[in-house]
Amino acid sequence: MSSNAADPVTLEIANAVARVSLNRPDAGNAMDAPLGRALRDVAESLQKRDDVRAVLLSGNGPRFCVGGDLSYFASSEDIGAALQSLAGDVHAAVEAFAALDAPVVAAVHGAAAGAGLSLVAGADLVIASETTKFTMAYTAAGLSPDGGATWFLPRVIGHRRTAEMAITNRALTAAEALDWGLVTQVVADDELRPTAEKLAERIASGPTAAFGTVKRLLNASSNATLKEQLADEADGIVANSVSADGREGVAAFLQKRRPNFVGRRIE
Numbered sequence: 001m002s003s004n005a006a007d008p009v010t011l012e013i014a015n016a017v018a019r020v021s022l023n024r025p026d027a028g029n030a031m032d033a034p035l036g037r038a039l040r041d042v043a044e045s046l047q048k049r050d051d052v053r054a055v056l057l058s059g060n061g062p063r064f065c066v067g068g069d070l071s072y073f074a075s076s077e078d079i080g081a082a083l084q085s086l087a088g089d090v091h092a093a094v095e096a097f098a099a100l101d102a103p104v105v106a107a108v109h110g111a112a113a114g115a116g117l118s119l120v121a122g123a124d125l126v127i128a129s130e131t132t133k134f135t136m137a138y139t140a141a142g143l144s145p146d147g148g149a150t151w152f153l154p155r156v157i158g159h160r161r162t163a164e165m166a167i168t169n170r171a172l173t174a175a176e177a178l179d180w181g182l183v184t185q186v187v188a189d190d191e192l193r194p195t196a197e198k199l200a201e202r203i204a205s206g207p208t209a210a211f212g213t214v215k216r217l218l219n220a221s222s223n224a225t226l227k228e229q230l231a232d233e234a235d236g237i238v239a240n241s242v243s244a245d246g247r248e249g250v251a252a253f254l255q256k257r258r259p260n261f262v263g264r265r266i267e
């Protein structure tokens, strides 16, 4: 499956990997109303599919995403209404990606700013090229964060570092982002795509339902008591143990062979 190359967000599905690409390259993939709606539609469409076991999120052109399109906001008759609508679409996309069993791998290059940084923070795994810069940028324009930045970033890099990025607009290099735990791996610029593709394809051959359980457990852990988290872990491991992939994984381990996971949802 593939979408139109002129769409503001393109989707290609092959070998159980959904390749989602922000596609306003001449504008640094800045988010305007059409891109926000398209991102929401694509993300929500993936929730209805059983053939997607990994998502690879990237940006076309020289930058991953520079955040909101300020020229679009400035030209709007009602900037508040324009922002409300765009934020609603982007937030729906963020929620949809987070709710997927399929892990989201972000391949990041050039710049990830504003809502682009929020997408990075919300990804499950992040591969960055060595020349990438990361910044929140919101308060530089007199705005406050959106896109889930204030939910994901404190969990990923901590409250204090999130506050520094939000208040001072400190720009992180890829090496600093790796040191802070914002990204999973940094690679040479020309190695970004092949590295991210290889990782996404490896994940797509894994136990998708178990990955989904991992995502939900991690996202819930900060607000759960130890007792609640232990109960959720017990429920999760029991449900996965009787699933097709759980049975296959245990059998493969005992038989000393590579498992053949099928990625079915837990019924």
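Number 36 in the UniProt record's numbering belongs to position 36 of the sequence shown; there are no gaps in the numbering.
Backbone N, C-alpha and C fix where the C-beta goes; we use that ideal spot for every residue, glycine too.
Item, Value
"Counting along the chain, where does the alpha helix (DSSP H) carrying residue 198 start and finish?", "192-204"
"What does residue 238 pair with, by DSSP beta-bridge criteria?", "DSSP, once it has assigned bridges, lists no residue as partnering residue 238."
"When the Cβ atoms of the stretch 192-201 are set against those of the stretch 47-59, are three or more pairs found closer than 8 Å?", "yes"
"Going by Cα to Cα distance, which pick from 108, 6 and 88 is closest to residue 125?", "108"
"Is the stretch 83-96 touching the stretch 33-40 in the sense that three or more CB pairs, one from each, lie closer than 8 Å?", "yes"
"May I ask you to report which of helix, strand or coil DSSP gives residue 14?", "strand"
"Hey, is the stretch 184-195 in contact with the stretch 241-254, meaning 3+ C-beta pairs nearer than 8 Å?", "no"
"Should the stretch 161-180 be called in touch with the stretch 119-133, which here means at least 3 C-beta pairs below 8 Å?", "yes"
"Could you pull the DSSP bridge partners for residue 21 from this structure?", "10 and 58"
"According to the neighbour-count rule (16 or more other Cβ atoms, all chains shown, within 10 Å of its Cβ), is residue 241 buried or exposed?", "exposed"
"Alpha carbon to alpha carbon, how far is residue 1 from residue 21?", "Low confidence applies to residue 1: its pLDDT is 49, below 50, so where it sits in the model is not reliable, and the reading given next is rough at best. Cα-Cα distance, rounded: 14 Å."
"Indicate whether residue 73 and residue 121 have their beta-carbon atoms separated by less than 8 Å.", "no"
"Does DSSP put residue 266 in a helix, in a strand, or in coil?", "coil"
"If contacts are defined as beta-carbon pairs under 8 Å, then residue 239 and residue 232 qualify, I think. What distance do you get, rounded to the angstrom?", "That pair is no contact at about 11 Å."
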